[in-house]
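Following this note's numbering, the numbering of the sequence shown begins with 4 at its first residue and continues without gaps.
We put the CB at the ideal spot given by N, CA and C, even for glycine.
To start, the structure itself, in structure tokens.
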Amino acid sequence: MDRETGKKKRCTAILLAAGRGTRMGSRIQKQYLRIQDRPVLFYSLYTFEKSEVIDDVILVAGEGQTEYVRGEFVERYHFTKVTRIVEGGAERYHSVWEGLKAVQAEGGTQERYIFIHDSARPFLTEEIIRRAYSDVEVHHACVVGVPSKDTVKLVDEESFSRETPDRRFVWVIQTPQVFDAAIITGAYAKMMSRDVIQATDDAMAVENELHIPVHMTEGSYENIKITTPEDLDIAEVFVKRCFPEL
Ligand code: CTP
Ligand code: MG
Numbered sequence: 004m005d006r007e008t009g010k011k012k013r014c015t016a017i018l019l020a021a022g023r024g025t026r027m028g029s030r031i032q033k034q035y036l037r038i039q040d041r042p043v044l045f046y047s048l049y050t051f052e053k054s055e056v057i058d059d060v061i062l063v064a065g066e067g068q069t070e071y072v073r074g075e076f077v078e079r080y081h082f083t084k085v086t087r088i089v090e091g092g093a094e095r096y097h098s099v100w101e102g103l104k105a106v107q108a109e110g111g112t113q114e115r116y117i118f119i120h121d122s123a124r125p126f127l128t129e130e131i132i133r134r135a136y137s138d139v140e141v142h143h144a145c146v147v148g149v150p151s152k153d154t155v156k157l158v159d160e161e162s163f164s165r166e167t168p169d170r171r172f173v174w175v176i177q178t179p180q181v182f183d184a185a186i187i188t189g190a191y192a193k194m195m196s197r198d199v200i201q202a203t204d205d206a207m208a209v210e211n212e213l214h215i216p217v218h219m220t221e222g223s224y225e226n227i228k229i230t231t232p233e234d235l236d237i238a239e240v241f242v243k244r245c246f247p248e249l
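Encoded structure:
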């Protein structure tokens, strides 16, 4: 709900599916690998489709894969919220930038929130989406994550431990990362104009380019990223729990 008007702001998901999945080492890209008969990419699309918060989805696919994704996902499963399918780029931030350019073409950045999500995280839930929506209304920039279960060490170049941050203040970051559309577009525009870009998540762009504080939103320990082969074994267990209706 918008605080002044009581109206819900438009929420657009940018769903990233343009990665190559190098660490998975599989022949087909990990977003197309199957968990219980359905491809990884299916699950987050399904959750956005059912969501009462998300209004539309911009899908970012790999080079030359937009028609494949349209046929195999959008048409096959009748996902009506996908308004655009665009090609991503070499790095994740290139793909996000392509998605943000499509946001401009899809009505601009006024009165709108952007949920940037990795399709490699199939166990996103409506509950997480709702928590992120409540937080972005207050803080304008928030990322989903969980407190680290493990102790984290900062090390030097020679792999000697330098510092042990207090675990209460260490969060492991997931997606979605959610922002006022104008904020994330402004941050990316500034970042993309630089010669050297270092950004492993979207919050970094907002923190470094605009110095806007980014709030943590509680995710879940099931909202894992499918990265290496053993993650697929865990995914088989989680999928039954997270999608009992399928
Ligand atoms: N992604 C993307 N475009 C890229 C790189 C990544 O859209 N150029 C997406 C991936 O499809 C994934 C998400 O960003 O859903 C998170 O990236 P990651 O887990 O690193 O996936 P990949 O880059 O595909 O895997 P790897 O790093 O092992 O190659
Ligand atoms: Mg990657």
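- Excluding residues up to 5 positions away in sequence, Val60, Leu62 and Val77 lie with their Cβ nearer than 7 Å to the Cβ of Val85 in the same chain.
- When DSSP reads this structure, Tyr116 sits in a beta bridge with Cys14 and Asp183.
- The shortest CA-to-CA distance from Gly189 to any of Gly22, Phe82 and Val99 is the one to Val99.
- Taking each of Lys156, Pro179, Val175 and Gly28 in turn and checking the Cα distance to Pro168, the smallest one comes out for Lys156.
- Collapsing the DSSP output to three states places Glu221 in a strand.
- Taking the Cβ of Arg73 as the reference point, every heavy atom of the ligand MG lies at 7 Å or farther away.
- Check the Cα spacing between Arg124 and each of Thr230, Val240, Lys12 and Leu249: the tightest is with Thr230.
- Bounds of any beta strand (DSSP E) do not take in Leu103; it lies within the alpha helix (DSSP H) bounded by Arg95 to Ala108.
- The Cβ atoms of Glu212 and Lys193 sit closer than 8 Å to each other.
- Fewer than three pairs of CB atoms, one per stretch, sit closer than 8 Å, so the segment 92 to 109 makes no contact with the segment 41 to 51.
- Membership of Ser164 in any alpha helix (DSSP H) is not indicated; the residue belongs instead to the beta strand (DSSP E) covering Ser164 to Glu166.
- Between Pro216 and Phe118, the C-beta spacing is not below 8 Å.
- In this structure Val149 touches Ser223 by the C-beta definition: roughly 7 Å separates them, less than 8 Å.
- Contact between Thr15 and Leu127 is ruled out by a C-beta separation of about 15 Å, above the 8 Å threshold.
- Secondary-structure assignment with DSSP links Pro42 through a beta bridge to Arg37.
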